[in-house]
Amino acid sequence: MKLLKTAQHNATGSVITENMRAPARWLLDNIFPFLVLAIIWEAIVRLEFFPPVLMPSLVDIGTTAWRMTLDGTLLHHTSSSVARLMLGFLVGSIIGVIIGIAMGQSRTAERFFLPLLSALMPIPGLAWIPLFILWFGLGNLATVAVIIFSAALPVAFNTWTGVKSSNPVWVRAAQSMNCTGHKLFFRVVLPGSLSMIFTGLRIGLSQSWRALVAGEMLASPDWGMGFAIFDSRQFLATDVMLVMVICIGLIGFLIVTVLFGIIEKYTVVRWGMLQEVGA
Numbered sequence: 013m014k015l016l017k018t019a020q021h022n023a024t025g026s027v028i029t030e031n032m033r034a035p036a037r038w039l040l041d042n043i044f045p046f047l048v049l050a051i052i053w054e055a056i057v058r059l060e061f062f063p064p065v066l067m068p069s070l071v072d073i074g075t076t077a078w079r080m081t082l083d084g085t086l087l088h089h090t091s092s093s094v095a096r097l098m099l100g101f102l103v104g105s106i107i108g109v110i111i112g113i114a115m116g117q118s119r120t121a122e123r124f125f126l127p128l129l130s131a132l133m134p135i136p137g138l139a140w141i142p143l144f145i146l147w148f149g150l151g152n153l154a155t156v157a158v159i160i161f162s163a164a165l166p167v168a169f170n171t172w173t174g175v176k177s178s179n180p181v182w183v184r185a186a187q188s189m190n191c192t193g194h195k196l197f198f199r200v201v202l203p204g205s206l207s208m209i210f211t212g213l214r215i216g217l218s219q220s221w222r223a224l225v226a227g228e229m230l231a232s233p234d235w236g237m238g239f240a241i242f243d244s245r246q247f248l249a250t251d252v253m254l255v256m257v258i259c260i261g262l263i264g265f266l267i268v269t270v271l272f273g274i275i276e277k278y279t280v281v282r283w284g285m286l287q288e289v290g291a
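Be aware that the sequence shown starts at 13, since it is given in this note's numbering, and climbs by one per residue.
Right, dumping it as structure tokens:
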């Protein structure tokens, strides 16, 4: 009995230790590459390959970020950009999922939309910005429109691929138990295509970020990270540019890696449809 209690105590201690190590390992895996990049950046600055006004040190960038945080401009720029991004990405994702499901379920919809997707996918969102400015004018509407366009295409294409590539064994097993029609789609086909849908959402979000920054640079809204980068160019304020670039990368990382990672962990990974990174 004493040996059994000792074994249980050791097993419990091992589980607790492993759970404590998991966040530290996650931080190390995700922060280490950025530490290496920061060391390389600072080394280039110290060697003075470029003038300080063109390539500021990390200390100068941090000072500028702190100053912009205190006066509220950093929060205003980032919140304006994230609001545009979320609106455009949400609308574009809904449109893309609806089109992708229609293509996967209907041969007529597939024949209609597939040539359009194949022709539009290679066109970067940046190419549409001047036209959207002519249609919708300068400001938020043109920027949101190009985000919708950039998000909808990869989401639609990957949703269509996911629906078309649903596991036929699952489908036949469900049909053998009289699961057909809408019940078959919502209980078998749609869950089976979620991994591809999430892939499309990740790609769509990445392309939406690029479209957002380009749209804010050219469509000239009042606030936004892209606007701040473009506006700082004429004053050679590279520290402000780099603060905005770092914010774009950080917010994108948090959304794509952390948020989508949590969603996938409790859906497709938990269901055994996708292997977790590092598992």
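Don't be surprised by glycine CBs; every beta carbon is placed ideally from N, CA and C.
{"Asked": "Proximity to I107 [Cα-Cα], best of P166, L248, T75", "Found": "P166"}
{"Asked": "Beta-carbon proximity of L86 to A95, cut-off 8 Å", "Found": "no"}
{"Asked": "Limits of the unbroken alpha helix (DSSP H) element including D234", "Found": "No alpha helix (DSSP H) holds D234; DSSP gives it neither H nor E."}
{"Asked": "Cβ-based burial, G227 [other Cβ within 10 Å; buried from 16]", "Found": "buried"}
{"Asked": "CA nearest to the CA of K277, picked from S91, S244, L206", "Found": "L206"}
{"Asked": "Rounded Cβ spacing between G236 and S93 (contact assumed at less than 8 Å)", "Found": "5 Å"}
{"Asked": "Cβ-based neighbour list, G100, same chain, cut-off 7 Å, excluding 5 preceding and 5 following", "Found": "V156, I159, I160, A163, S220"}
{"Asked": "Distance CB(P63)-CB(L254) smaller than 8 Å", "Found": "no"}
{"Asked": "Contiguous alpha helix (DSSP H) assignments of at least 4 residues, all confined to the region 88-144", "Found": "119-132"}
{"Asked": "Three CB pairs or more closer than 8 Å across the region 102-119 and the region 167-174", "Found": "yes"}
{"Asked": "Exposed unless 16 or more other CB atoms sit within 10 angstroms - verdict on L97", "Found": "buried"}
{"Asked": "DSSP-derived helix/strand/coil call for S69", "Found": "coil"}
{"Asked": "Inter-residue Cα distance where the pair is F144 and M208", "Found": "30 Å"}
{"Asked": "Residue interval of the alpha helix (DSSP H) (run including A164)", "Found": "152-176"}
{"Asked": "Check whether G116 and W53 have beta carbons under 8 Å apart", "Found": "no"}
{"Asked": "For L264, the first and last residue of its enclosing alpha helix (DSSP H)", "Found": "Looking at the sequence provided, one finds Gly at residue 264 rather than Leu. G264 -> alpha helix (DSSP H) spans 250-265."}
{"Asked": "Selected residue, minimal CA-CA separation from C259, among L70, H89, L82, L49", "Found": "H89"}
{"Asked": "Nearest neighbour of K176, chosen from M256, A240, E122, E60 [CA to CA]", "Found": "E122"}
{"Asked": "Alpha-carbon spacing of I73 relative to I135, whole angstroms", "Found": "35 Å"}
{"Asked": "Near the ligand HEM: S130 beta-carbon under 7 Å from a heavy atom", "Found": "By its list of ligands, the structure shown contains no ligand whatsoever, and the ligand HEM lies outside what it can speak to."}
{"Asked": "Helix, strand or coil at P203 [DSSP, three-state]", "Found": "helix"}
{"Asked": "Cα-Cα separation between T211 and F272, rounded to whole angstroms", "Found": "10 Å"}
{"Asked": "Supposed close pair G151, R222 - CB separation, criterion 8 Å", "Found": "The Cβ separation is near 19 Å, so there is no contact."}
{"Asked": "Euclidean distance between Cα positions of S232 and I274", "Found": "35 Å"}
{"Asked": "Within 8 Å, strictly: CB atoms of V270 and R214", "Found": "no"}
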